[in-house]
Every structure is written in structure tokens, then in C-alpha cells.
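> Would you mind keeping the following structure in view while I ask a few things?
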Amino acid sequence: MPILYDIPPEKVFRTPEECFVNLSGFPYEPRYSHLGNLRYAFIDETSAVFYGGKALSAEETRNISNKDIHLETFICLHGQPTWSYLYRKMIPVLLNHVPKGHLQKKYVRRRVLAPDYFGCGRSDKVKEVLHPIDDSFYTFDMHQDYLINFVHRHVINESPTSGEITLVMQDWGLGLGKSPSKGWLAFHDFIKRSPNANVGGIIARGTPQLTPAEIAGYDAPHPNQISKASVRRFPPIVPREPDMPGVPSSFAAVAYLNRLKPSQMRVFVIIGLKDPVLGEPVMEGLIRVAFGTTGTFVYKHPEAGHFVQEWGSSITEKVLDAWSISQGQETETRLEDIEWRAPTTPEKPKL
Numbered sequence: 001m002p003i004l005y006d007i008p009p010e011k012v013f014r015t016p017e018e019c020f021v022n023l024s025g026f027p028y029e030p031r032y033s034h035l036g037n038l039r040y041a042f043i044d045e046t047s048a049v050f051y052g053g054k055a056l057s058a059e060e061t062r063n064i065s066n067k068d069i070h071l072e073t074f075i076c077l078h079g080q081p082t083w084s085y086l087y088r089k090m091i092p093v094l095l096n097h098v099p100k101g102h103l104q105k106k107y108v109r110r111r112v113l114a115p116d117y118f119g120c121g122r123s124d125k126v127k128e129v130l131h132p133i134d135d136s137f138y139t140f141d142m143h144q145d146y147l148i149n150f151v152h153r154h155v156i157n158e159s160p161t162s163g164e165i166t167l168v169m170q171d172w173g174l175g176l177g178k179s180p181s182k183g184w185l186a187f188h189d190f191i192k193r194s195p196n197a198n199v200g201g202i203i204a205r206g207t208p209q210l211t212p213a214e215i216a217g218y219d220a221p222h223p224n225q226i227s228k229a230s231v232r233r234f235p236p237i238v239p240r241e242p243d244m245p246g247v248p249s250s251f252a253a254v255a256y257l258n259r260l261k262p263s264q265m266r267v268f269v270i271i272g273l274k275d276p277v278l279g280e281p282v283m284e285g286l287i288r289v290a291f292g293t294t295g296t297f298v299y300k301h302p303e304a305g306h307f308v309q310e311w312g313s314s315i316t317e318k319v320l321d322a323w324s325i326s327q328g329q330e331t332e333t334r335l336e337d338i339e340w341r342a343p344t345t346p347e348k349p350k351l
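According to the UniProt record's numbering, the residues represented by the sequence shown are 1 to 351, in order.
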């Protein structure tokens with residue numbers, strides 16, 4: 001069934017730009033594009049060119065052809081109830097960190113993309129004329145279709161043939177093969193009871209180090225109840241029953257992952273040991289179901305909660321360093337606090 005994005009203008013809420021002025025730690029200018037008449041926003045940043053473990057100056061890269069530059073693209077996908085602001089501590093590291101042991105003998109540039117889902121961040125939000133909100137627009141299929149369109153437009157069509165893509169993900173789809181945890185069910189019930197929930201307050205409950213300015217940054221996209229339809233809808237559409245939308249594509253994704261070899265995909269899983277929503281048991285289940293054939297780096301952060309990106313600077317450095325040392329080979333190389341799980345037979349997913 002096709003997804004319809006031609007929503008009448010009177011049904012669209014666009015968060016006023018003044019809500020996003022002076023965001024703490026988030027200096028990036030958004031790019032905008034459209035699906036139908038709905039506008040979506042995303043961050044699109046590129047790094048300097050690296051060679052031999054150092055960043056080159058503009059003068060040094062002046063005569064280098066783009067076709068000679070290997071592009072590393074990172075697509076950072078937020079969960080809910082957040083937006084691309086979630087990645088503000090990881091973006092500069094992804095762009096600028098030169099990994100330990102990096103022995104590259106090619107020119108490399110990094111690109112970081114961080115889209116806002118519809119209903120989130122600076123992207124448009126759908127409402128109704130006769131009723132306060134239209135939560136029904138926000139479906140699993142719509143979000144999936146949006147991401148497929150996004151990748152085709154801004155990754156495949158805008159990138160050279162030489163390069164690699166890394167998905168940076170959290171939250172959604174991680175429960176496949178596990179029953180919903182008590183923490184997730186409690187969050188589901190809280191959102192159901194709280195149609196005008198304070199988004200910044202939700203994030204702050206599990207991230208005590210946030211400043212008032214950072215909490216305000218999470219609140220920025222949602223100045224009123226009309227703007228929070230996507231916040232309400234995300235928990236009910238998580239595929240957790242066999243007949244729910246998203247289940248077939250989730251099983252297909254796992255089947256695809258289980259056909260991959262270590263040389264075809266590198267995986268790094270970060271587990272926040274103070275995550276009350278998913279936590280270690282769910283994440284360990286994900287590893288057994290989805291990443292058995294590829295092997296996995298695992299880092300368990302003792303202080304991180306559900307939104308591990310808030311501990312993201314040091315975590316991102318660990319990921320890039322581990323991948324650099326092990327690049328192109330199966331490895332048992334171990335950096336501090338990082339465990340390498342060798343390939344094994346994956347568990348069969350179930351609901």
C-alpha cells in the first residue's frame with residue numbers, strides 16, 4: 001500500500017524556527033527536502049580529507065580529485081521521543097577523530113547524516129482539522145518508507161561509488177526475539193497515559209547529567225500537544241505481535257544479516273547498563289539473533305542509560321579505534337573494556 005505524503009497544508013504543523021534558536025551544543029544548519037508536500041529536515045556534515053592518520057588542510061587537498069577520495073558515510077538514526085539533537089556529542093567525533101593505529105594509505109573523507117523522522121525535530125508534524133491530532137499518520141510503514149526514500153535520495157544518489165556506509169542506530173527493532181521488557185512496558189503505559197508528556201523530562205530521567213539547556217533542546221520540537229503525535233504513536237507501533245505491521249520486514253532483515261560474513265559488515269554494540277527500558281538482557285538477545293555470523297564488538301558502559309549517545313564522545317572514539325585496528329580481518333584484538341564476540345550460529349528469532 002503506497003504511503004501518501006500529500007497532506008493538506010491545514011493539517012500540517014511546522015515547529016516555529018524560533019524554537020530552535022541557540023540550541024546547546026548543536027551548531028549545525030539543517031538541510032531540507034520534501035516527500036509530497038511534507039518537509040523533512042536532516043543534518044549533513046562533511047569532514048576534512050584524512051591521509052596517513054592526519055587531517056589535510058584545504059591547500060593540501062586542492063589537487064586531489066573527488067574520485068580518489070574514499071567516502072565513509074555515517075547515518076545516525078534517532079529513536080523516540082528524540083530527534084537528531086541526540087547525536088550532537090557524536091557528530092564531531094565521527095567527523096574529526098583519527099583512530100588509534102590508523103595506517104590508511106588512501107584519502108578518506110567522512111560524511112555524517114542525521115535525519116529527523118516526520119513528527120520529530122524540525123520535520124513536519126501532521127494534525128487534524130476537526131480533532132486535536134492525527135496520530136494515525138504515524139505508522140511503521142510510513143517511517144520505513146521515509147527512511148528508504150532518504151537513503152536513496154541522500155546517500156545513493158549523492159555519494160560516489162567508492163565508499164562505505166555505517167548505520168548508527170538505537171531503540172527501534174532491538175526487541176526482536178525477546179518479549180517486551182518490564183521497563184519498555186512501563187514506558188508504553190506512561191506515554192499512553194500522558195498525551196502531552198514533557199519530552200525533555202523523559203530524557204532527563206535516565207540522563208541525570210543533562211543541563212537545563214540540553215533538556216530544553218529535547219523539548220524544542222514540541223511546543224504544544226499538537227506537535228507530540230509522533231511521541232504518542234511510536235510505542236504502540238513497535239512490532240511485538242506476529243500480525244503487526246513491521247514483523248515481516250523485521251524477520252527479513254534478520255535473515256539478511258544472518259547471511260553476512262565478518263568481511264561484509266562490522267558490528268559494534270554498546271549496552272548501557274543503567275538502561276531501564278531495554279537493558280543488557282534485550283541487547284544480548286539482539287546480538288545472539290542478528291549478529292551471530294558477523295561477530296560483534298561489545299562495550300558495556302557502566303553508567304549509560306537508554307540514550308547512550310549522551311555518553312557518546314568517548315564511546316564513538318572506542319568504536320572508531322576498534323574498527324581501525326581490526327579493519328579487514330576477523331580479530332581477537334581487544335581494546336580496553338571492549339569484548340570481541342567471534343562469529344557463531346545465530347539464534348532463531350521469534351515473537
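By construction, the Cβ of each residue, glycine as well, lies at the ideal position given by its N, Cα and C atoms.
Please read all numbers here as calculations on a predicted model, not as lab measurements.
Taking the alpha helix (DSSP H) that Ile203 belongs to, which residues open and close that run?
Note, Ile203: alpha helix (DSSP H), 199-205.
> Just how far apart, CA to CA, sit Thr294 and Pro276?
Between Thr294 and Pro276, the C-alpha separation is close to 28 Å.
> Between the Cα of Arg65 and those of Cys76, Glu310, Leu94, Pro160, spot the shortest distance and give me the residue it belongs to.
Note on residue identity: the sequence assigns Ser, not Arg, to residue 65. Comparing Cα-Cα distances from Ser65 to each of Cys76, Glu310, Leu94, Pro160, the minimum goes to Pro160.
> Starting from the N-terminal side, write out each stretch of the alpha helix (DSSP H) that is 4 residues or longer and does not extend beyond the UniProt domain "AB hydrolase-1" (73-154).
For the UniProt domain "AB hydrolase-1" (73-154), whole alpha helix (DSSP H) runs of length 4 or above, ordered along the chain, are 91-96, 140-151.
> Under a Cβ-count criterion, where at least 16 other Cβ atoms within 10 Å of its own Cβ denotes burial, should His46 be classed as buried or exposed?
Sequence inspection shows Thr at residue 46; the His mentioned does not correspond to that position. Exposed: under 16 other Cβ atoms inside 10 Å.
> Rounded to whole angstroms, how far is the Cβ of His237 from the Cβ of Thr82, which I believe are closer than 8 Å?
The residue you asked about is not His; residue 237 is Ile in the sequence shown. Contact flag wrong, Cβ pair sits at about 16 Å.
> Nearest to Phe20 by alpha carbon, out of Ser123, Val231, Pro92, Met244?
Measuring from the Cα of Phe20, the nearest candidate turns out to be Ser123.
> Pair every Cβ in the segment 151-158 with every Cβ in the segment 304-321, then say whether three or more of these pairs are closer than 8 Å.
At 8 Å Cβ cutoff, the stretches do not touch.
> How would you label Leu77, buried or exposed, when you count the other beta carbons within 10 angstroms and need 16 or more for buried?
Buried, because 16 or more other Cβ atoms sit within 10 Å of the Cβ of Leu77.
> Does the beta-carbon of Asp116 have 16 or more other beta-carbons within 10 angstroms, so that it is buried, or is it exposed?
Buried: at least 16 other Cβ atoms inside 10 Å.
> Which one or two residues does DSSP pair with Thr166 in a beta bridge?
BP columns for Thr166 point to Phe74.
> Can you look up Val298 in the DSSP assignment and give me helix, strand or coil?
It is a strand residue.
> Can you tell me whether Ser136 is buried or exposed? The criterion is at least 16 other CB atoms within 10 Å of its CB, across all chains shown.
Ser136 should be labelled exposed.
> Quick one: what does DSSP say Arg14 is sitting in, helix, strand or coil?
In this structure, Arg14 counts as coil in the three-state DSSP scheme.
> If you scan the segment 7-61 from start to end, which runs of the alpha helix (DSSP H) of 4 or more residues do you find wholly inside it?
Whole alpha helix (DSSP H) segments, 4+ residues: 58-61.
> Can you tell me whether Pro132 is buried or exposed? The criterion is at least 16 other CB atoms within 10 Å of its CB, across all chains shown.
A caution first: Pro132 carries a pLDDT of 46, below 50, which makes its placement in the model too unreliable to give a value.
> What does the alpha-carbon distance come out to for the pair Val49 and Leu56?
Rounded to the nearest angstrom, the two C-alpha atoms are 6 Å apart.
> In terms of residues, what are the limits of the beta strand (DSSP E) holding Val269?
Val269 -> beta strand (DSSP E) spans 268-272.
> So, at 7 Å on beta carbons, what are the nonlocal neighbours of Leu94 in its own chain, with the 5 sequence-adjacent residues on each side left out?
If we look at Leu94 and ignore the five residues flanking it on each side, its Cβ neighbours are Phe74, Arg110, Val112, Thr316.
> Going straight from the alpha carbon of His152 to that of Pro2, what length do you get?
Going by the C-alpha atoms only, they are around 17 Å apart.
> For Arg266, count neighbouring Cβ atoms within 10 angstroms of its own Cβ and tell me buried if that reaches 16, exposed if not.
The residue in question, Arg266, is buried, as its Cβ has 16 or more Cβ neighbours within 10 Å.
> With Glu214 as the anchor, note down where its alpha helix (DSSP H) starts and where it stops.
Start and end: 212-219.
> Check Ile69 in the structure and name its three-state DSSP category.
Three-state DSSP puts Ile69 in a strand.
> Assign Tyr32 to buried or exposed, taking buried as 16 or more other Cβ atoms, counted over all protein chains shown, within 10 Å of its Cβ.
Tyr32 is exposed by the Cβ-count criterion.
> Report the rounded CA-to-CA distance for Ile270 versus Lys300, giving the unit in angstroms.
Rounded to whole angstroms, Ile270 to Lys300 spans 6 Å at the Cα level.
> Quick check on this structure: which residue in Ile7, Pro8, Val168, Phe13 has the alpha carbon closest to the alpha carbon of Gln225?
The shortest Cα separation from Gln225 among Ile7, Pro8, Val168, Phe13 belongs to Phe13.
> Can you name the start and end residues of the alpha helix (DSSP H) that Ile191 belongs to?
That run of the alpha helix (DSSP H) goes 182-193.
> For residue 357, count the other beta carbons within 10 Å of its own beta carbon; 16 or more makes it buried, fewer makes it exposed. Which is it?
Residue coverage of the chain in this structure runs from 1 to 351, which leaves residue 357 outside it and unanswerable.
> Between which two residues does the beta strand (DSSP E) containing Arg341 stretch?
Arg341 -> beta strand (DSSP E) spans 338-341.
> May I have the straight-line CA-CA distance separating Phe118 from Tyr5, to the nearest angstrom?
Those two C-alpha atoms are separated by around 10 Å.
> Roughly how many angstroms separate the alpha carbons of Met283 and Asp44, rounded to a whole number?
Those two C-alpha atoms are separated by around 29 Å.
> Can you tell me the Cα-Cα spacing of Trp340 and Phe234, whole angstroms?
If I take the Cα positions, the gap works out to 33 Å.
> Tell me the rounded alpha-carbon separation between Tyr107 and Lys318.
Whole-angstrom Cα-Cα distance: 22 Å.
> Taking Gly292 and Thr345 to be in contact with their CB atoms under 8 Å, please state how far apart those CB atoms are, rounded to whole angstroms.
Sure, about 6 Å apart at Cβ, within 8 Å.
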